[in-house]
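So the structure is just underneath, and the comments pick up after that.
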Amino acid sequence: MVLSRISPLLLLLFTLTASACSTVKPSLTAQPPDAAPFRSALPKELSSISVPIEASAEEIGRTLSKVVPARLYQGATKTVGISADLRRNGPIEVAAQDNALFLTLPITASLSYAGFQTPPLPLKLRFRAAASIGSDWRVSVDLRYLGLSELLTEQIGSGPFAIKPRAAIEGLTQPLQQLLSNQVNKQLNDSFSLKAKVAQIWDTAQKPILVDRKLNAWLKLSPREVTLFPLKAQGNRVSLAIGIITYAEVVLGQQPETGAPLPLPPLRLVNSLDRTFRLTVNADLYYKDLSSAAAPFLLNKEFNSDGRMIVVKSFEVYGNGDRFVIKVVTEGSLDGTFYLTGKPRFNARSKVLSVEEVDFDLQSKSLLVQSADWLLHSTIRDRIQDRLNLDLSRQLEESRELAGKAIAQRKLLDQVSLKGEIKTLKIGEFLLGPDRISLQVVAEGESALVLH
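For the sequence shown, the positions run -20 to -1, 1 to 432 when mature numbering (1 follows the signal peptide of the UniProt record, and there is no 0) is used.
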C-alpha cells in the first residue's frame, strides 16, 4: 500500500526533473588550437644595380696624346744601313665603333742612309684596338697595325742612295704597336679604375641608409656578387656595365644591424645583364584592424539554425603557424567559446586580403558534435569568411611611395648616387606573426649608380 502511494510521487518528481534538464542550455569551452611555429623569414629575391661607366673616344684620345711621348722611335730599321727617327706630330685621334677603338697616330718620319737624310715625312699610322676585361678587373687591349693612311712613295733617291721609306717604316710597326699597346692598356685601366671604384661602392652599400626620418625607414642592401657585361665601343663612346647583385629591402624601426663586411668578390663575366631592381617592403596588417573591419557585421549579430539562435559577443583574430585563428564567444542557445581557422589570401586585382577555407578547429568541432551539432550547419562559418577581409590599397600605395623614395635619388658617396624608378608592384608571400600579418610587397623597376 505504501509503495502504491509513493509511486505517483516518484513519477511526478521524475517528470519535473526531466523537464528541467531538457531546458538546460548547452555550453562549451573549447581550448585553442595547438601552437604552431611561425616562419621566421620570407624568401628574398635578388636585385641588380647597374653601374654604367663611360668615356668618350675624344676623352681617350686627349689622354693618350698626353701620355704617348713625342719621340716614338729612334734607331735602326730592319733594312740594313737605314735608321729612322719617328716623332708624334699632333694629337692622337680615336674613334669607337664596332666594339673596337680605331687610333690614328700622326707622325713625321726621317730616314737616314750613308749620310743621306730625308726631310721629315708627315704620315698617319692606323691601329685597331679590341679591349676586354678579365676576372682580375684589368682591362686588356689587343692592338693591331692597320697600315698607313697616306700613300707613301716606294723609293726615294736612286742608285746607292736609294731608300724605300714604306718598307722601312712598316718594319718599325712592331715596336710602335707595343709602345701604343702599353700606353692604351695603362690609360684605360687608369681611366676606369674598376676595382677601386666598385670596391668603394661595395663597402658603402653594406651600410643601412636612412630613407625617411619620420617613419624611421631604412634602405638595407646586402650585396652578394658583381657581374660585368662586356665592354662596348659604339658611336664614339666606350662603355661597360657592371651589375651589383644584391638583396634590397626597406626596414622600419631601429637602424638594422650589419654583420662583418663582406670583401669584394671576384668579377663574374656575363653575356647579358639583368637590370631589374627588386626592393622588398613589408606591409604590416594588424589582426586588430582586421577584427575592427569585420566587427559591424559580426559583433552582437544573431545567427539562426534549426530553430536555435546565438549572438556573437566577442571574436578575436590571431596568427598560428601559417593560418588565422578566430576565437568566437557566443550567447543564446549556446553559451560557449570555440575556434575556427582559415588561410590568408590576397586578390591582386581587387587588392583585398581575405580569409579562405574557414572551418571549425578539430577540437571545437568535436565538442560541438556532442553538444550543439546544429551550429556546425549554421551560417556563422560562411559569414565570418565573407566579412573577414580588408582592402589594402592604401597600404600598397604607401609601400610604393616608400620604395620609390628609397631609390629616387639616394647619395651613397660624395660622387656616387643611387637613382632608380619603380615601375610595378607585386605581392609576394605572407608572414604570419602573433599580432600581425606581414605582406611581402616587391617593388620592381630599374636602378643605377650614377658616378658624378
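By construction, the Cβ of each residue, glycine as well, lies at the ideal position given by its N, Cα and C atoms. Keep in mind it's a predicted model, so treat the numbers as computed, not measured.
- Residue 414 and residue 287 have their alpha carbons spaced roughly 38 Å apart.
- Taking the Cα of residue 193 as reference, the smallest distance to any Cα among 260, 231, 95 and 71 is reached at 231.
- Per DSSP, the unbroken beta strand (DSSP E) holding residue 260 starts and ends at 256 to 266.
- Contact check for residue 402 against residue 423 passes: the beta carbons are separated by less than 8 Å.
- Partner residues in a beta bridge of residue 382, as assigned by DSSP, do not exist.
- Looking from the CA of residue 218, the closest CA among 26, 33, 409 and 426 belongs to 33.
- The beta carbons of residue 109 and residue 80 sit closer together than 8 Å.
- If you look at residue 58, you'll find it isn't in any beta strand (DSSP E); DSSP assigns it neither H nor E.
- DSSP assignment within the segment 100 to 181 yields the following whole beta strand (DSSP E) runs of 3 residues or more, N-terminal first: 101 to 113 and 119 to 128.
- If you draw a straight line from the Cα of residue 303 to the Cα of residue 375, it is about 21 Å long.
- Of all C-beta pairs linking the segment 346 to 354 to the segment 381 to 401, fewer than three are shorter than 8 Å, placing the two stretches out of contact.
- Considering only 94, 95, 40 and 61, the residue with the shortest C-alpha distance to residue 84 is 40.
- Here residue 368 is buried: its Cβ has 16 or more other Cβ atoms, across all protein chains shown, within 10 Å.
- In terms of Cβ geometry, residue 57 and residue 152 form a close pair [threshold 8 Å].
- Taking 8 Å as the upper bound for CB-CB distance, residue 94 and residue 68 are not in contact here, some 27 Å apart.
- Residue 241 is positioned such that its CB atom lies no closer than 8 Å to that of residue 225.
- In the structure shown, the three-state DSSP call for residue 211 is strand.
- For residue 80, the three-state secondary structure derived from DSSP is strand.
- Exclusion of the five residues before and after residue 274 leaves 367 and 368 as the residues of its chain whose Cβ lies within less than 6 Å of its Cβ.
- Annotated three-state conformation of residue 362 is helix, per DSSP.
- Where residue 41 is concerned, the enclosing alpha helix (DSSP H) starts and stops at 37 to 47.
- Membership of residue 230 in the beta strand (DSSP E) is indicated by the continuous run 217 to 232.
- Assigned with DSSP and collapsed to three states, residue 88 falls in strand.
- Beta-bridge annotation (DSSP): residue 30 is paired with 223 and 428.
- Apart from the 5 residues on each side of it in sequence, residue 245 sits with its Cβ closer than 7 Å to the Cβ of 205 and 206 in its chain, given in chain order.
- In this structure, residue 29 keeps its C-beta atom at 8 Å or more from the C-beta atom of residue 48.
- By the Cβ test, the segment 143 to 158 is in contact with the segment 96 to 110, since at least three Cβ pairs between them sit closer than 8 Å.
- Contact between residue 211 and residue 247 fails: their C-beta atoms lie close to 12 Å from each other, not under 8 Å.
- Here the alpha carbon of residue 329 sits roughly 38 Å from the alpha carbon of residue 316.
- If you draw a straight line from the Cα of residue 339 to the Cα of residue 183, it comes to about 51 Å.
- Judged by DSSP in its simplified three-state form, residue 283 adopts strand.
- Annotation: the continuous alpha helix (DSSP H) that includes residue 345 extends over 342 to 351.
- A distance below 7 Å between beta-carbons, with the five flanking residues on each side excluded, links residue 175 to the following residues of its chain, in chain order: 117.
- Residue 18 counts as exposed, since fewer than 16 other beta carbons sit within 10 angstroms of its beta carbon.
- Spatial neighbours of residue 77 in its own chain (CB-CB distance under 8 Å, excluding positions within 5 residues in sequence) are listed in chain order as 213, 214, 215 and 216.
- Residue 392 is bridged by DSSP to nothing; it lacks a bridge partner.
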